[in-house]
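Novice: Can you read through this structure? Questions will come right after.
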Amino acid sequence: MKAFTRLKAGLAKTRNVLGQGLQLLRSSSAENRQELLDELEELLIQADVGIQTAGIIRDDVSAYFAVHPGATWDDVLGIVRASMVRMLSAVPPAEAAILPPIPPEVVLVIGVNGGGKTTTIGKLAYRHVQAGRRVLLGAADTFRAAAVEQLAIWADRVGADLLAQKSGADPASVAFDAVAAGRSRGNDVVILDTAGRLHTKVNLMQELLKIQRVVGKAHEGAPHEVLLVVDATMGQNAIAQARQFHQSLGITGIVVSKLDGTAKGGVVLPLARELGLPVRWLGVGEGLDDLEPFEAGAFVDALLSAD
Ligand SMILES: Nc1nc2c(ncn2[C@@H]2O[C@H](COP(=O)(O)OP(=O)(O)OP(=O)(O)O)[C@@H](O)[C@H]2O)c(=O)[nH]1
Ligand SMILES: [Mg+2]
Numbered sequence: 000m001k002a003f004t005r006l007k008a009g010l011a012k013t014r015n016v017l018g019q020g021l022q023l024l025r026s027s028s029a030e031n032r033q034e035l036l037d038e039l040e041e042l043l044i045q046a047d048v049g050i051q052t053a054g055i056i057r058d059d060v061s062a063y064f065a066v067h068p069g070a071t072w073d074d075v076l077g078i079v080r081a082s083m084v085r086m087l088s089a090v091p092p093a094e095a096a097i098l099p100p101i102p103p104e105v106v107l108v109i110g111v112n113g114g115g116k117t118t119t120i121g122k123l124a125y126r127h128v129q130a131g132r133r134v135l136l137g138a139a140d141t142f143r144a145a146a147v148e149q150l151a152i153w154a155d156r157v158g159a160d161l162l163a164q165k166s167g168a169d170p171a172s173v174a175f176d177a178v179a180a181g182r183s184r185g186n187d188v189v190i191l192d193t194a195g196r197l198h199t200k201v202n203l204m205q206e207l208l209k210i211q212r213v214v215g216k217a218h219e220g221a222p223h224e225v226l227l228v229v230d231a232t233m234g235q236n237a238i239a240q241a242r243q244f245h246q247s248l249g250i251t252g253i254v255v256s257k258l259d260g261t262a263k264g265g266v267v268l269p270l271a272r273e274l275g276l277p278v279r280w281l282g283v284g285e286g287l288d289d290l291e292p293f294e295a296g297a298f299v300d301a302l303l304s305a306d
């Protein structure tokens, strides 16, 4: 499946609300401009674009009406599109991550439990391997025995190396060993899996900070990327969650997972706009190929298309 078709298919539930809603609005009996603006805003909020962001898009359309009294529906759609692309383009695209002068690039993957970290790592590793890079996965989620097993299955499936210790091991020491192993084995990329929750005595942010600090000792500048995986089905809660992780750890990029399972795909807009962080990848399923590099124009086109 071509990338754009896959993205569209992955966004099907959100498009049922937004793309098709806009289509209905085009042929609706919205009496006047005010009513049309209200309905547009309502649709955006239904797709979880959020009240503030929906307000900005509404204002952009309203400002256009003020200058172009004879605006057509296609003009309106054009303004909605431009408004969305603008707020998403303030941040660089997926490929823009800066590679370290000496490999490996170290990617630390964080997020709450069940959000899709391990699955995202498998899919991301697959993309790197396809591009000819040698990948090592580090199992720094030592909280559950099954977590190591799950990562090992992905490593095997995509052809990546794995560094793991037994469950219950110190996550920071596993992370350190993984980065050191990646250096000595000549891996291009090391991706570290982490736990989304810990035994109640241990603070998750503290533990992640420790991992961050320790891998910097194993390799200069590491982690080069701190990727937060947020579950799109959380809707607006994803934003508060992302803010909390960002304040504690300093995220460098966002992955929005499970877009295929929700009509809340509009949440990508406020995530990028309010956090001012680049969305790097979109998860649109559980398969190897279900991770799409984020590109503002393609995302908005997919989001707004009705067919
Ligand atoms: N439909 C769909 N399911 C996904 C996606 N990403 C992850 N999942 C599923 O969501 C569930 C949780 O994913 P994991 O990758 O295990 O999440 P995690 O963040 O590693 O969870 P913990 O290790 O418990 O913290 C699994 O059943 C995945 O198959 C996605 O993009 N789409
Ligand atoms: Mg996991």
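The numbering of the sequence shown is numbering that gives the first Met the number 0, which starts it at 0 and goes up by one. From the three backbone atoms N, C-alpha and C, an ideal C-beta is built for every residue, glycine too. The structure presented is a predicted model; accordingly, all values stated were derived computationally and were not measured.
1. Is the number of C-beta pairs between the stretch 113-132 and the stretch 148-166 that are closer than 8 Å three or more?
2. Spell out the partners DSSP gives Val-229 in its beta bridges.
3. Who are the near neighbours of Gln-19 in its chain, counting only those whose CB is closer than 6 Å to its CB and skipping five residues on each side?
4. Please classify Asp-58 as buried or exposed, where buried requires at least 16 neighbouring CB atoms within 10 angstroms.
5. Given that a residue counts as buried once 16 or more other Cβ atoms are within 10 Å of its Cβ, and exposed if not, what is Val-178?
6. Is DSSP giving Thr-4 helix, strand or coil here?
7. Is Ala-146 near ligand 3, judged by its Cβ being under 7 Å from some heavy atom?
8. Look at the Cβ atom of Lys-209, then the Cβ atom of Ala-231, and state whether they are nearer than 8 Å.
9. For a quick check, are the C-beta atoms of Ala-2 and Val-105 less than 8 Å apart?
10. Applying the 10 Å Cβ sphere with the 16-neighbour rule, what's the burial state of Val-254?
11. So, using beta-carbon positions, are Ser-256 and Val-229 closer together than 8 Å?
12. Measure how close the beta-carbons of Ser-82 and Ile-56 come, nearest whole angstrom, since I'm counting them as under 8 Å.
13. According to the Cβ coordinates, are Gly-195 and Gly-110 closer than 8 Å?
14. Between the alpha carbons of Ala-168 and Thr-141, how many angstroms are there, rounded?
15. Name the two residues that bound the continuous beta strand (DSSP E) containing Ala-138.
16. Please classify Pro-100 as buried or exposed, where buried requires at least 16 neighbouring CB atoms within 10 angstroms.
17. Using DSSP's beta-bridge definition, name the partner residues of Thr-193.
Specialist: Working from what's here:
1. Counting Cβ pairs under 8 Å, three or more are found: they touch.
2. The residue given as residue 229 occupies position 230 in the sequence shown. Answer is Val-255, bridged to Val-229.
3. Your numbering for residue 19 matches position 20 in the sequence shown. Closer than 6 Å at Cβ, skipping near neighbours: Ala-305.
4. By one-based count along the sequence shown, residue 58 stands at place 59. The residue is exposed, with fewer than 16 neighbouring Cβ atoms inside 10 Å.
5. Counting from one through the sequence shown, the residue named residue 178 turns up at place 179. Here Val-178 is buried. Its C-beta has 16 or more other C-beta atoms within 10 Å.
6. Position 5 of the sequence shown, counted from the first residue, corresponds to residue 4. Helix, per DSSP.
7. Of the ligands one can find in the structure shown, namely ligand 1 and ligand 2, none is ligand 3.
8. Within the sequence shown, numbered from 1, the residue matching residue 209 stands at position 210. Within the sequence shown, numbered from 1, the residue matching residue 231 stands at position 232. No, the pair does not count as a contact, with Cβ atoms beyond the cut-off.
9. For this step, residue 2 is matched to residue 3 along the sequence shown. For this step, residue 105 is matched to residue 106 along the sequence shown. No, the Cβ-Cβ distance between Ala-2 and Val-105 is not below 8 Å.
10. Locating residue 254 in the sequence shown gives position 255, counting from the first residue. Under the 10 Å beta carbon count, Val-254 is surrounded by 16 or more other beta carbons and is classified as buried.
11. Along the sequence shown, read from residue 1 onward, the residue named residue 256 stands at position 257. Along the sequence shown, read from residue 1 onward, the residue named residue 229 stands at position 230. If you check the CB distance, Ser-256 and Val-229 come in under 8 Å.
12. Locating residue 82 in the sequence shown gives position 83, counting from the first residue. Locating residue 56 in the sequence shown gives position 57, counting from the first residue. Right, their Cβ atoms sit about 5 Å apart.
13. In the sequence shown, residue 195 corresponds to position 196, counting from 1. In the sequence shown, residue 110 corresponds to position 111, counting from 1. It is a contact, given that the beta carbons lie within the stated cut-off.
14. Taking the sequence shown and counting its residues from 1, the one referred to as residue 168 is at position 169. Taking the sequence shown and counting its residues from 1, the one referred to as residue 141 is at position 142. Looking at the two C-alpha atoms, the distance is approximately 6 Å.
15. Residue mapping note: residue 138 aligns to position 139 of the sequence shown, counting from 1. Looking at the DSSP string, the run of the beta strand (DSSP E) that includes Ala-138 is 134-139.
16. In the sequence shown, the residue the question calls residue 100 occupies position 101. Pro-100 is classed as exposed because its beta carbon has fewer than 16 other beta carbons within 10 Å across all chains shown.
17. Position 194 of the sequence shown, counting from 1, holds the residue named residue 193. DSSP lists Ala-139 as partners of Thr-193.
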